[in-house]
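*Asks:* The structure under discussion is supplied below as structure tokens; questions concerning it will follow.
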Amino acid sequence: MILALATCAESLCAQTPEDVARALARRVEDARDLPQAVSVEWSNTSSLPEAQSIILRETFLKEFSGRHVFVAKAPGAPAAANAVVRVSVRETPTSFLLLAQVPAATGVLVRMVELPRTAFLPVMTRGNGLRLTRQLLWQQEEPVLDAEEFAVGGPGGPGGLVGDPSTGASAGAPVIFLLRPDAVVIYRQDDDRLSEVQELPFSGYRYVSRGLRGAIGKEQDGSIAIVLPGLRCKLRAPATTGERWNLSCAAEAVTNVADALGADSANDARSIALSAACQPGSWRLVSVATDWTQPDKLLLVSAAMKRDEAVASVDFAGPVQHLAAADDGKSALAVVFDLASGSYDVYRVSMVCGR
Amino acid sequence: MSSWKRTRMLAHPRTKVRPRALRRLLLTASPGERPARITCLLILVIAFTCPASRAATAPRYGGTLIVELHAPALVLDPVAWKVGSPEDSANLQMAAAVFDRLVTLDRFGRFQPALATEWSHDAAWRRWQFTLRSAVQFSDASALTAADVAAALQELAPGLSPAKPLVTANANRVVMQFPSPVPDLLEQLASGRNFIYRRNPDGTLLGTGPFYLAAVVPAAGNTFARYEFAGNEHCWSGRPFVDRMQVALGVPILRQLFDLQLGKAHVVELSPELVRRAAQENLRVWTSSPVLLYALQVSTESPAASRGDTAAARAAGLGEALSLALDRDTMANVLLQKQAEPAASFLPQWLSGYASVFNTENDVTRAKKISGALFAPAGAQNAQQPLRLRVEAPGDLARLIAERVAINARQAGIAVQLQSRSTVVQGGGLQGSATQGTSPAGSTTLAANNASRAADLGSLRLIAWRYYSLSERAELDAMVSALQLARSDTEAPSPNAEELFSREQRLIAARSLIPLVVMPEYIGLGSPVRDWMPERWGAWHLADVWLDEKRGDTATPANGKAQP
Chain W
1 MILALATCAE SLCAQTPEDV ARALARRVED ARDLPQAVSV EWSNTSSLPE AQSIILRETF
61 LKEFSGRHVF VAKAPGAPAA ANAVVRVSVR ETPTSFLLLA QVPAATGVLV RMVELPRTAF
121 LPVMTRGNGL RLTRQLLWQQ EEPVLDAEEF AVGGPGGPGG LVGDPSTGAS AGAPVIFLLR
181 PDAVVIYRQD DDRLSEVQEL PFSGYRYVSR GLRGAIGKEQ DGSIAIVLPG LRCKLRAPAT
241 TGERWNLSCA AEAVTNVADA LGADSANDAR SIALSAACQP GSWRLVSVAT DWTQPDKLLL
301 VSAAMKRDEA VASVDFAGPV QHLAAADDGK SALAVVFDLA SGSYDVYRVS MVCGR
Chain B
356 MSSWKRTRML AHPRTKVRPR ALRRLLLTAS PGERPARITC LLILVIAFTC PASRAATAPR
416 YGGTLIVELH APALVLDPVA WKVGSPEDSA NLQMAAAVFD RLVTLDRFGR FQPALATEWS
476 HDAAWRRWQF TLRSAVQFSD ASALTAADVA AALQELAPGL SPAKPLVTAN ANRVVMQFPS
536 PVPDLLEQLA SGRNFIYRRN PDGTLLGTGP FYLAAVVPAA GNTFARYEFA GNEHCWSGRP
596 FVDRMQVALG VPILRQLFDL QLGKAHVVEL SPELVRRAAQ ENLRVWTSSP VLLYALQVST
656 ESPAASRGDT AAARAAGLGE ALSLALDRDT MANVLLQKQA EPAASFLPQW LSGYASVFNT
716 ENDVTRAKKI SGALFAPAGA QNAQQPLRLR VEAPGDLARL IAERVAINAR QAGIAVQLQS
776 RSTVVQGGGL QGSATQGTSP AGSTTLAANN ASRAADLGSL RLIAWRYYSL SERAELDAMV
836 SALQLARSDT EAPSPNAEEL FSREQRLIAA RSLIPLVVMP EYIGLGSPVR DWMPERWGAW
896 HLADVWLDEK RGDTATPANG KAQP
């Protein structure tokens, strides 16, 4: 969806959070009657992650130290300088505020700068290699309806596939499919990052569903099937080197959307099977959240045991909205809606043997 | 078979389990091996039937959501609402289920496209252009046009801040031209009464939202009046999860709690005094950010011109004395049982970000000194005449707060007489309570017929203000306008945080409105309610709610009977 966003305030456009912190430092410096030796007390009372707050603080202090001797001070600690400049990070529905209370002869001056909350939205598009039990593969603002990994080429892979790194179609290599409301995107995993192979939009299709309905599956002939409300598509792997993936779609009338999609609800197992070469036996990954309002966790449960006898767990910052086993059954892909950042994250969840 | 099911089967064609083979597998095992084989079979079944699954329970469609409200009637026409009125809170929630906005704001501070998919503005922030989503239909399946959008915005334009725009429609675009910069237009359009609708010739409204009003069933005998909403199959954002929504009106707060306990209602309003009880009974309670402000408005109706005072100075003195006398901490923590927060500013912290810079100073000694100086010149007899305190905020809670105000004022040497109002304040949009009466607060309760002499000393109003806008500037403008607070002509209509802070600081210093406490909205939720994901500023998002009838008690989708 293309947006011509015009949401930043006049003074904020094209400013990074660090620019804004520097601007506040200059405004505080310009305040009259400020003694040369001041200490700065920095606090974060907003939902801004502490790591971001620290970056802002360091930027502010660096800019501020140009003209003033200062002592950075923890909240509540006794003042070590003539005056204390109190800077706090606060928030409104649309902005973060950096608010400085500056001592002056006339009282306390208040100086503020604001920066849009969107300045801190996730911009990364690849994981940072968390390898214990989960690995962030992908993060985006647009909804992810389904994430599946299939080995392509070789037995069980899409028919007629030949090795071609440019299309992600090297024989037997796993390929990750991310289903968005407007397109299916094919990725290849290189070490800890995903590289986009091809994006195939659903031309002329308008996605309408509150329940993030949509699924990717593998057909008997090895092709990839995609089902969305009112649409069924078939995705074929390249037959020869240099070719691209081919997507063909057809409208599929659903007489009663509620019934058709609600039918899936009955099959709401919320668990998948998982195996690991180093651990004999069979295991299940079980999601525990009851709806999409709460952070979720995946429990690792021996297939022969009950849920409350989980041997390990992985926490997430939001509900696990979709869980799918990789083709080899050794790992799973989890689509998580991060309740703190509003991003859709795709994790690979694996059993890690030993330390 | 649905397309969804077919996909799953195609993806996993190996899921067939032959009963005969299963029996053979079990029968050929020794008794000791059977449990292990059964386990293996179960694992195989899980492995082949659930290679991909919905994780945290996926939403389900169907059912009837039962909502109970205290409000005796619903007014879905945004034009009829009064800015800041707590009475219109229910109207806003229900209108949001029926109408859409041009844009919405999500909890992460992102403006999301709704009926508008693109927007832009000129460098001066005066001309805004919105491109409309195509193929949007009203609930009667007629198409939404740019003219519909322009007409609705034109009707609602007087409520936009700082000035009314000229709205024009052109193909699939709507242009709003303002006489002064409006950088916070998106915040305004994403909140308040700025919904898009089509007004029919008979005055009724059509919406594009997830529900439409299917029936209005008036109260009859001992049943409550109710509005019945049905899911809009034409909704561009998808039909709601529930099929229908029944909204019972005029349900007493205590009755709502009982209905929630008995599983007869899914969503009810809770008053602050019932929140603790609900929590003790393990009921689900959702709390918004503080959205309701109780404040004391001070005015000198008949300035003491004979004494040479100006009305403003007198009001400011009285306001300062009262402000210092008021013990807001006790109001919030004892009287309201920690269900409210002391307020020192007009705008709440969650909206302005700077509210906590203001202090709530409680200094009775200084208050006494100021009130002494204020009343002494008038002579001993006049000094004893009480100030009238009209309780214009609705509900019993307002009376409790007013009584506390009277007690605090008396401690500072200011006599206060409580009055309730049954009339509606024109322009202010703040409805009075329907009852008449005087306070039981000891010596502060004086005869109502002293009013004429008290007018010489000024009057007080206890008001409640419901925050509606996501624009701090628009909210403050609305407050200043509706409550007729002093407003300097030199103030620039800027949404800049620092300028807003300075402006609010001046307004607070004028003491014509003394903030008392801010209070959140409390909603009780039935156990089947899932995906209750309101915004912290109070928007409910009823279309996203679904019912998990397997897990929770089932609400009876019938109108409950009123208790005798």
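Chains W and B are the protein sequences, given in the same order.
Under our numbering, the residue at position 301 of the first sequence is numbered 301, and the numbers go up by one with no gaps.
Heads up, our numbering is the position in the second sequence plus 355, with the first residue counted as 1.
Cβ atoms here follow ideal geometry from the backbone N, Cα and C, with glycine treated the same way.
#1: With distance defined between alpha-carbon atoms, name the residue in W:243, W:216 and W:204 nearest to residue 490 of chain B.
#2: Cα separation between residue 796 of chain B and residue 610 of chain B?
#3: Can you find a C-beta in chain W that's less than 8 Å from the C-beta of residue 377 of chain B?
#4: From the DSSP output, read off the bridge partner residues of residue 218 of chain W.
#5: Residue 600 of chain B lies in the beta strand (DSSP E); which residues open and close that run?
#6: Indicate the three-state DSSP secondary structure (helix, strand or coil) for residue 674 of chain B in the structure shown.
#7: By the criterion of Cβ-Cβ separation under 9 Å, what are the contact partners of residue 101 of chain W in chain B?
#8: Which value, in whole angstroms, describes the spacing of the CA atoms of residue 892 of chain B and residue 876 of chain B?
#9: When we look at the beta-carbon of residue 328 of chain W and count the other beta-carbons within 10 Å, is it buried (16 or more) or exposed?
#10: Roughly how far, in whole angstroms, is the beta-carbon of residue 346 of chain W from the beta-carbon of residue 147 of chain W, given that I think they are within contact range, below 8 Å?
#11: Which one of B:603, B:866, B:872 and B:553 has the shortest CA to CA distance from residue 454 of chain B?
#12: In chain W, which residues lie less than 7 Å from residue 542 of chain B when you measure between Cβ atoms?
#13: Pull up the DSSP beta-bridge partners for residue 246 of chain W, would you.
#14: Using the rule of at least 16 other Cβ atoms within 10 Å of the residue's Cβ for burial, across every protein chain shown, is residue 156 of chain W buried or exposed?
#15: Which residues, in order along the stretch 818-830 of chain B, keep a beta-carbon less than 8 Å from a beta-carbon of chain W?
#16: Per the contact definition of three or more C-beta pairs closer than 8 Å, is the stretch 561-577 of chain B in contact with the stretch 535-544 of chain B?
#17: Looking at chain W, which residues of the stretch 880-899 of chain B have a Cβ within less than 7 Å of any of its Cβ atoms?
#18: Spatial neighbours of residue 573 of chain B within its chain, please: CB distance less than 7 Å, with the 5 preceding and 5 following residues excluded, ordered by chain position.
#19: Mind checking whether the beta-carbon of residue 821 of chain B lies closer than 7 Å to any heavy atom of the ligand HEM?
#20: Whole angstroms are fine: how far does the CA of residue 290 of chain W sit from the CA of residue 889 of chain B?
#21: Output the distance between the C-alpha atoms of residue 313 of chain B and residue 107 of chain W, rounded to the nearest integer angstrom.
#22: What does the Cβ neighbour count give for residue 778 of chain B, buried or exposed, with the cut at 16 atoms within 10 Å?
#23: According to DSSP, is residue 769 of chain B part of a helix, a strand, or is it coil?
#24: Let me check one thing: in DSSP terms, what residues is residue 146 of chain W bridge-paired to?
#25: When burial is assigned at 16 or more other CB atoms within 10 Å of the CB, is residue 495 of chain B buried or exposed?
#26: For residue 185 of chain W, which residues in the same chain have their Cβ closer than 7 Å to its Cβ, ignoring the five residues on either side in sequence?
#27: In this structure, does DSSP put residue 740 of chain B in helix, strand or coil?
#28: Is residue 890 of chain B helix, strand or coil by DSSP?
#29: How would you list, in chain order, the residues of chain W whose beta-carbon sits under 9 Å from the beta-carbon of residue 706 of chain B?
#30: Answer yes or no: do residue 313 of chain W and residue 300 of chain W have a C-beta to C-beta separation smaller than 8 Å?
#31: Go ahead and pull the three-state DSSP assignment for residue 331 of chain W.
#32: Note down, in chain order, every chain W residue with its Cβ under 8 Å from the Cβ of residue 460 of chain B.
#33: Nearest-angstrom Cα distance between residue 720 of chain B and residue 673 of chain B?
#34: Under 8 Å between C-beta atoms, does residue 709 of chain B make it to chain W?
#35: Near residue 382 of chain B, what residues of its chain come up, given a Cβ to Cβ distance below 7 Å and the 5 sequence neighbours on each side ignored?
#36: Select from W:246, W:343 and W:22 the residue whose C-alpha is nearest the C-alpha of residue 61 of chain W.
*Replies:* Let me lay it out:
#1: W:204
#2: Below a pLDDT of 50, predicted positions are generally treated as unreliable, and residue 796 of chain B, at 34, falls in that range; no measurement from the model is reported.
#3: The pLDDT assigned to residue 377 of chain B is 42, lower than 50, so where the model puts this residue is not dependable, and the model offers no usable value.
#4: W:224
#5: 599-603
#6: helix
#7: 712
#8: 9 Å
#9: exposed
#10: 5 Å
#11: B:553
#12: 94
#13: W:236
#14: Bear in mind that the predicted position of residue 156 of chain W carries a pLDDT of just 40, short of 50, making it unreliable; the figure below should be weighed with that in mind. By the 10 Å Cβ count, residue 156 of chain W comes out exposed.
#15: 825 and 827
#16: no
#17: 885, 886, 887, 888, 892, 898 and 899
#18: 580
#19: With respect to small molecules bound, the structure shown includes none, and the ligand HEM cannot be examined in it.
#20: 17 Å
#21: Nothing about residue 313 of chain B can be reported from this structure: the residues present for chain B run from 356 to 919 only.
#22: Reliability of the predicted coordinates at residue 778 of chain B is poor, the pLDDT of 39 falling under 50, and no value is obtained from them.
#23: coil
#24: W:179
#25: exposed
#26: 178, 196 and 199
#27: coil
#28: coil
#29: 92 and 93
#30: yes
#31: strand
#32: 93 and 94
#33: 14 Å
#34: yes
#35: Confidence at residue 382 of chain B is low in this model, with a pLDDT of 45, below 50, so its placement is unreliable and the value that follows should be read with caution. Closer than 7 Å at Cβ, skipping near neighbours: no residue.
#36: W:22
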